[in-house]
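>
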Amino acid sequence: MSEHTRTVFLDSGDQTLTLKKFVLTVLDGPNKGQKAVFGSRAVQVGSSPEVDFAVDDPAVSRFHAQVVVDEGGYHLKDRGSKNGTWVSGVRINDVYLESEMNFTVGGTVVRFELTDEDVDIVFSGRKRLGNLIGQSMEMRRIFALVERVAPTDATVLIQGESGTGKELIAEAVHTHSHRKDKPFVVFDCSAVPRELIGSELFGHVKGAFTGATGYRKGAFEQASGGTLFLDELGELELELQPQLLRVLEKREVRPVGGNQTIKVDVRIVAATNRNLIHEVKEGNFREDLYYRFDVVRLQLPPLRDRTEDVAVLVGHFLDQISEQTGRKGLNISYKTMEKLKLHKWPGNVRELKNFVERAALLAEGDRLETRYLNYQPQQRAAAEVVDTSASFAQEAADQEIPFKEAKNRLVEDFEKTYWMKLLARTDGNVSKAARIAGVHRKSLEYILKKLDLTRDDVPG
Numbered sequence: 139m140s141e142h143t144r145t146v147f148l149d150s151g152d153q154t155l156t157l158k159k160f161v162l163t164v165l166d167g168p169n170k171g172q173k174a175v176f177g178s179r180a181v182q183v184g185s186s187p188e189v190d191f192a193v194d195d196p197a198v199s200r201f202h203a204q205v206v207v208d209e210g211g212y213h214l215k216d217r218g219s220k221n222g223t224w225v226s227g228v229r230i231n232d233v234y235l236e237s238e239m240n241f242t243v244g245g246t247v248v249r250f251e252l253t254d255e256d257v258d259i260v261f262s263g264r265k266r267l268g269n270l271i272g273q274s275m276e277m278r279r280i281f282a283l284v285e286r287v288a289p290t291d292a293t294v295l296i297q298g299e300s301g302t303g304k305e306l307i308a309e310a311v312h313t314h315s316h317r318k319d320k321p322f323v324v325f326d327c328s329a330v331p332r333e334l335i336g337s338e339l340f341g342h343v344k345g346a347f348t349g350a351t352g353y354r355k356g357a358f359e360q361a362s363g364g365t366l367f368l369d370e371l372g373e374l375e376l377e378l379q380p381q382l383l384r385v386l387e388k389r390e391v392r393p394v395g396g397n398q399t400i401k402v403d404v405r406i407v408a409a410t411n412r413n414l415i416h417e418v419k420e421g422n423f424r425e426d427l428y429y430r431f432d433v434v435r436l437q438l439p440p441l442r443d444r445t446e447d448v449a450v451l452v453g454h455f456l457d458q459i460s461e462q463t464g465r466k467g468l469n470i471s472y473k474t475m476e477k478l479k480l481h482k483w484p485g486n487v488r489e490l491k492n493f494v495e496r497a498a499l500l501a502e503g504d505r506l507e508t509r510y511l512n513y514q515p516q517q518r519a520a521a522e523v524v525d526t527s528a529s530f531a532q533e534a535a536d537q538e539i540p541f542k543e544a545k546n547r548l549v550e551d552f553e554k555t556y557w558m559k560l561l562a563r564t565d566g567n568v569s570k571a572a573r574i575a576g577v578h579r580k581s582l583e584y585i586l587k588k589l590d591l592t593r594d595d596v597p598g
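So for the sequence shown, the working numbering puts the first residue at 139; every next one is plus one.
1) Helix, strand or coil: how does DSSP classify Gln172 here?
2) Please state the DSSP three-state secondary structure of Ile539.
3) Run through the stretch 302 to 361 for me and flag every whole beta strand (DSSP E) of 3 or more residues, listed as ranges in chain order.
4) Are there three or more Cβ pairs, one per stretch, closer than 8 Å when the stretch 451 to 468 is compared with the stretch 410 to 422?
5) Hey, Lys477 and Thr508 are a contact pair by Cβ (cut 8 Å); roughly how many whole angstroms apart?
6) How about the stretch 265 to 274 and the stretch 245 to 255: do they share at least three Cβ pairs that are nearer than 8 Å?
7) Let me confirm a value: Leu582 is counted as buried when at least 16 other C-beta atoms fall within 10 Å, else exposed. Which label applies?
8) So Val233 packs on Asn240, CB below 8 Å; how close in whole Å?
9) Take the Cβ of Lys587 as the centre, count every other Cβ of all protein chains shown within 10 Å, and call the residue buried at 16 or more, exposed below.
10) Reducing DSSP to helix, strand and coil, say where His213 ends up.
11) Threshold first: 3 residues or longer. Then list the beta strand (DSSP E) segments lying entirely within the stretch 218 to 242, N to C.
12) Say the cut is 7 Å; is the CB of Leu548 nearer than that to a heavy atom of the ligand ZN?
13) Which word fits Ile307, buried or exposed, when buried means at least 16 other C-beta atoms lie within 10 angstroms of its C-beta?
14) Please report how far the alpha carbon of Leu378 lies from the alpha carbon of Gln297, in whole angstroms.
15) For Phe191, name the three-state secondary structure that DSSP assigns.
16) Going straight from the alpha carbon of Pro484 to that of Glu543, what length do you get?
17) Starting from Val568, trace the alpha helix (DSSP H) both ways and give me its first and last residue.
18) Under the rule that 16 or more other beta-carbon atoms within 10 Å means buried, what is Lys466, buried or exposed?
19) Could you give the first and the last residue of the continuous alpha helix (DSSP H) run that contains Gly184?
20) Considering Cα atoms alone, identify which of Ser219, Gly211 and Arg179 is closest to Ser185.
21) Alpha carbon to alpha carbon, how far is Phe261 from Phe358? Give it in angstroms, no decimals.
22) Once DSSP output is grouped into helix, strand and coil, what is the label at Val648?
23) Report yes if the CB atom of Thr348 is closer than 8 Å to the CB atom of Val404, and no otherwise.
24) Suppose contacts are defined by Cβ-Cβ distances below 8 Å. Is Leu451 in contact with Val394 by that definition?
25) Quick check on this structure: which residue in Gly245, Pro289, Thr246 and Phe455 has the alpha carbon closest to the alpha carbon of Glu495?
26) Could you tell me the distance, in whole angstroms, from the CA atom of Phe191 to the CA atom of Thr564?
27) Secondary structure at Pro292, three-state DSSP: helix, strand or coil?
28) For Ser274, is the classification buried or exposed, using 16 other Cβ atoms within 10 angstroms of its Cβ as the cut-off for buried?
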């Protein structure tokens, strides 16, 4: 155990890790002088705006490296970066850091320093919370936060990639609260036509618009007394955000076309896979609304960052398949399991579940094989043209990919193809490409980082 960390096991079965806060400082590179203090167990370093310590270095991968704290100390781990992570001239995969040690990512040199300030991180003794399963420290930390927050009425903002289980977290918050016997209403901000969102959220009165033949309750009224889960919050149209802000402030709604307000008693949980801070800076999301939601923030880790959960999840999915189909004795070899742990799982737990179901269905004997891991979500060259929306839709339907996930993959393929073609046309001139596309240069820089596109990817 490191002299800078301490683990305490509580009578409740929970575990507390005491660590010292640490500072990351850019000593050399495009962001020289950048500094940040961290008191969390895992800190991501990269060029993506979505990481904890982002640098504007073209030689740095989007998700390049991470500093992870455990009982042994402070790990520096490479995350499969293109140019590697280096310490004292040696390329590393996983190494323990000491205070005042430097490491290099791309062309950026970062110093790691410990402070004198302690911080306690609590990990739940549970390995399951509602429908959530995980034995990793990352998930048990989430479980502990949910257990602490659920009994309150605090607004919760859940962030994480598609397929990480954001709705399951929202359900767990609800079922562990005093509102558990009241409604749990899910409202997907990305799935409702723009012209109907106001009515779907706040309700409408008879005659409010063509087709409004009577009074209809909106999502807020339907959830009154319980919990309203606003999924894909980052997709909410800017013009609707002031109305939502008023509801959060006054706890009352005004149905579309109505003159009277209606009081609502509802707990709000929201989720997004967008970086809302960036959306605020770009003017796409109101700052005051963001801080209304950002009371308690839960950041869900992607499956690639908690590989110790892969085996337990596979076992759970096999048990489900056995129960549903009556097929007994399905198993998976050690070699196959190790391959699954090395897979990046861009679709996260949802993708893993789809693989297990597909492999179980196609298995000739009683053993699952990785040759059925045959759907690599859009890992095609950026310059490759998307066939057609119809053929893609057919492929997604055949693979039984959920609608939102299939749509996101199609959009990402389109974005990559569009920007590659436009950048090729402008000889890699980002400013010119941004003007043609009608977006701000900073917005395009963010898009390119999100898509992991660099000048080297532009066809000559």
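No residue lacks a Cβ here, since even glycine has one placed at the ideal position from N, Cα and C.
Once the coordinates are examined:
1) In the structure shown, the three-state DSSP call for Gln172 is coil.
2) Note: Ile539 maps to coil in three-state DSSP.
3) Annotation: the stretch 302 to 361 contains the following complete segments of the beta strand (DSSP E) (minimum length 3 residues), in chain order: 322 to 326.
4) A contact is defined here as three or more CB-CB pairs under 8 Å, and the stretch 451 to 468 fails this definition with respect to the stretch 410 to 422.
5) Their Cβ separation, rounded to whole angstroms, is 5 Å, which keeps Lys477 and Thr508 in contact under 8 Å.
6) The stretch 265 to 274 is not in contact with the stretch 245 to 255.
7) Burial of Leu582 is indicated by the presence of at least 16 other C-beta atoms within 10 angstroms of its C-beta.
8) Going by Cβ atoms, the distance from Val233 to Asn240 rounds to 12 Å, so no, they are not a contact pair.
9) Label assigned to Lys587: buried.
10) Looking at His213 - three-state DSSP - the assignment turns out to be strand.
11) Positions of the beta strand (DSSP E) runs, each at least 3 residues long and wholly inside the stretch 218 to 242, are given as 223 to 225, 228 to 230 and 232 to 235 in order along the chain.
12) The model depicted lacks the ligand ZN and carries no ligand whatsoever.
13) Burial call: buried.
14) It is roughly 21 Å from the alpha-carbon of Leu378 to the alpha-carbon of Gln297.
15) The answer is strand: DSSP assigns Phe191 an E or B state.
16) Pro484 and Glu543 have their C-alpha atoms roughly 11 Å apart.
17) Where Val568 is concerned, the enclosing alpha helix (DSSP H) stretches over Val568 to Ala575.
18) Lys466 counts as exposed, since fewer than 16 other beta carbons sit within 10 angstroms of its beta carbon.
19) Annotation for Gly184: no alpha helix (DSSP H) segment contains it, though the beta strand (DSSP E) segment containing it runs Ala180 to Gly184.
20) If we check each option's Cα against that of Ser185, Ser219 comes out closest.
21) Roughly 33 Å between the two C-alpha positions.
22) The question about residue 648 has no answer, for the chain in this structure spans 139 to 598.
23) No, they are not a contact pair.
24) Not closer than 8 Å, so no.
25) That would be Phe455, whose Cα lies nearest to the Cα of Glu495.
26) Roughly 31 Å separates the two Cα atoms.
27) Here residue 292 turns out to be Ala, not Pro, going by the sequence shown. Coil at Ala292, not helix or strand.
28) Flag for Ser274 reads buried.
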